């Protein structure tokens, strides 16, 4: 059985990458500042950041492949304008491609999108195509709130998003719904904004009828689906009140949750109420919560332990660890098959 | 053992009450429209709406007392201006007082506040005093987002809110943190905005140090604490990363969750990870989700059944059903004691 971690970010990118971003931001403030030039980063620098972090943890914790994307909190689509977002996004995605090329057995790429508040999502189609067709990426992270906590974009079920969904369907790639940093002081990024976005997206899917228009569109809602599994009765009841079909038909043929839930009781609940076919192993590491749980002595984000501890069949575990990811990311399945896996 | 439901709303108020509101809104649109006059509602009309709904369900489901407040979704602090909010709030609270006077054994009052976007919270102090001191109410519902889904107010830990907290402490009343309707199309009220607000408030309390300044301030976070219990590992880990004391000391001496979680696995998780002393029985009825769960044949919001089904001691159940509510609402305890309960 392969262990596929569907949710990893390059949170440890070399300093030069952040310096490029700093130059970008400086230029935003002062048009006379030097034009930023893409960071020169050696392969060794990348190896250093990966081998001491994601690759080390992958081996220690027993994962085989990580679906790897740029750091989510620094996508920061709310900063600057479309040109800034385009330039930064390209740099972030190119860096992921280099990691994948250095460690093709350990990482596959998922791209950031050059979203920007008020800019049509169709402007992100080209970067998706480049990443999937030219760089071999297998999916993307779609930000439902490019404003960074002000929620000024239309809901994900609005036709605003359709041009992008059409391309996703054409390329047969899923999107993880993932917000970035929050510039609204009400919302802590990883403690509120992320979880709220997950919950919000799910409820939008209940209210709308998106998957009637796009029966093959697929989304991963990270962080264990936000509040949804804990409130599964509420969502089943709301679907009923809104005269929608049962969630299994209306939403859950197209929506999947990862296992970024950092304690055993949470994972137990997830697996109890959500169909196994809708759960993809993920850790979000090196990510949101880096410490050791004093109650267990293990890292909070060592989510494989929680799955291992479940009293479910081996075939169910295989679906969570491998099968579901290969089904949701057909381009990953192709890559693995080409290697005889 | 008394069964105290800490979370009930007057969602079934007589039509005349809504007509008054409609007049208010009409006047907002057209200053030449007639000045709204407070609705004339007979005792019989109130009896009809209560006896066919909240009181009937209270008896059917075996609760004794409901902590009763105006309908949350129609507080709508984002509509109109401060004067509109003051007038509407007063009418809503006066109606609760009439219910309590008609059924003093079954209901105790909690008030809505005349919040309005951009208006200092000190302007809500007078209504709190009126409701507690003149009308005998025992608490209030505090809206952390009077903008209705745009989140333009400062976080609950900001000094902006302090004048109100000072009065809460002086009167020894807790607040339930409860948003109202959402005018942001991203957020379904009961499916996203409510749950997000719960999660957001909890994370604000972790980030801040509010309870150092107000050691006796008490909040109920409804809907089972939003996403918090499901992500309890994340919150324990974030507190650690932010160098805060453990949650038991930093937040959980002052924050309580209700049991408005509409399925057994959710309640099981809540009771497993959250200290029994922090859990108050609540149903939110007649409320967010009105239907029958096809999986159980029971109403989703008949939350007493889920508590009854828990394998915890009778003394723990007594804390959830009665003891914690009497501790968090000392004025309720006084009322009950005065009746020999």
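Chains as they are written, first to last, in our numbering: chain X, 887 to 1227; chain D, 887 to 1227. The C-beta atom is built at its ideal place from N, Cα and C for all residues, glycine as well. From a predicted model like this one, the values you see are computed outputs, not experimental measurements.
*Quick one: what's got a C-beta closer than 6 angstroms to residue 1072(D)'s C-beta in the same chain, skipping five residues either side?*
none
_Where residue 1061(X) sits in the DSSP three-state scheme_ = strand
*Would you be able to state if there are at least three C-beta pairs under 8 angstroms between the stretch 1176–1190 of chain D and the stretch 1143–1157 of chain D?*
yes
_Quick check on residue 1048(D) - is its C-beta less than 8 angstroms from some C-beta in chain X?_
no
_I need the straight-line Cα distance from residue 1040(D) to residue 1046(D), nearest angstrom please._
7 angstroms
*asked:* Quick check: what's the CA-CA separation for residue 1175(X) versus residue 1124(D)?
replied: 6 angstroms
_One or two residues paired with residue 895(D) in a DSSP bridge_ = 955(D)
_Can you confirm whether residue 1007(D), when its beta carbon is compared against all beta carbons of chain X, has any partner nearer than 8 angstroms?_
no
_Helix, strand or coil for residue 996(D)? Go by DSSP, reduced to three states._
strand
*Simplified DSSP state of residue 1172(D), which is helix, strand or coil*: coil
*Residue span of the beta strand (DSSP E) that contains residue 1105(X), given as start and end*: 1105–1107
_residue 931(X) versus 988(X), 893(X), 975(X) and 1064(X), residue with shortest Cα-Cα distance_ = 988(X)
*Cα-Cα, which of 1163(D), 1191(D) and 1224(D) is closest to residue 1169(D)?*
1191(D)
_Give me, in chain order, the residues of the same chain whose beta-carbon lies closer than 7 angstroms to that of residue 992(D); leave out the 5 immediate sequence neighbours on both sides._
941, 944, 951 and 952
*Taking only beta-carbon positions, decide if residue 1105(X) is within less than 8 angstroms of chain D.*
no
*asked:* With a threshold of 7 angstroms (Cβ to nearest heavy atom), would residue 935(X) be considered close to the ligand HEM?
replied: Among the components modelled here there is no ligand, and therefore nothing to report on the ligand HEM.
*Shortest alpha-carbon distance to residue 1014(D) belongs to which of 1004(D), 1142(D), 1025(D) and 1006(D)?*
1025(D)
*Would DSSP call residue 1116(X) helix, strand or coil?*
coil
*asked:* Let's see if you can read the secondary structure: which residues bound the beta strand (DSSP E) around residue 1142(X)?
replied: 1141–1144
_Residues of the stretch 1140–1165 of chain D in Cβ contact with chain X at a cutoff of 7 angstroms, in chain order, please._
1147, 1148, 1149, 1151, 1152, 1155, 1158 and 1159
*Roughly how many angstroms separate the alpha carbons of residue 1057(D) and residue 1199(X), rounded to a whole number?*
56 angstroms
*Let me know if residue 1224(X) comes out buried or exposed under the rule of 16 or more other beta-carbons within 10 Å of its beta-carbon.*
exposed
_CB contact check: residue 1073(X) to chain D, cutoff 8 angstroms_ = yes
*Given residue 925(D), which residues of its chain have a CB within under 8 angstroms of its CB, disregarding the five upstream and five downstream residues?*
900, 902, 903, 905, 906 and 977
*Using a C-beta cutoff of 8 angstroms, does residue 1175(D) count as contacting chain X?*
yes
*Does any C-beta atom of chain X lie closer than 8 angstroms to the C-beta of residue 1070(D)?*
yes
*Quick one, are the C-beta atoms of residue 1166(D) and residue 1144(D) less than 8 angstroms apart?*
yes
*asked:* Using the Cβ count rule (16 or more neighbours within 10 Å means buried), how would you classify residue 1208(X)?
replied: buried
*Rounded to a whole number of angstroms, what is the C-alpha to C-alpha distance between residue 916(D) and residue 971(D)?*
17 angstroms
*asked:* Beta-carbon within less than 8 angstroms of residue 1212(D)'s beta-carbon, same chain only, minus the 5 sequence neighbours each way: which residues are those?
replied: 890, 1218, 1219 and 1222
*residue 1043(D) and residue 1094(D) look like a contact to me (Cβ under 8 angstroms); what is the Cβ gap, rounded to whole Å?*
3 angstroms
*If we count the other Cβ atoms within 10 Å of its Cβ and call it buried at 16 or more, is residue 1154(D) buried or exposed?*
buried
*Reduced DSSP secondary structure (H/G/I, E/B, other) of residue 1178(X)*: strand
*If contact means a Cβ-Cβ distance below 7 angstroms, which residues of the stretch 1077–1089 of chain D contact chain X?*
1077, 1078, 1081, 1082, 1085, 1086 and 1089
*Distance CB(residue 1107(D))-CB(residue 1088(D)) smaller than 8 angstroms*: yes
*Exposed or buried, residue 956(X), counting other C-beta atoms within 10 Å across all chains shown (16 or more means buried)?*
buried
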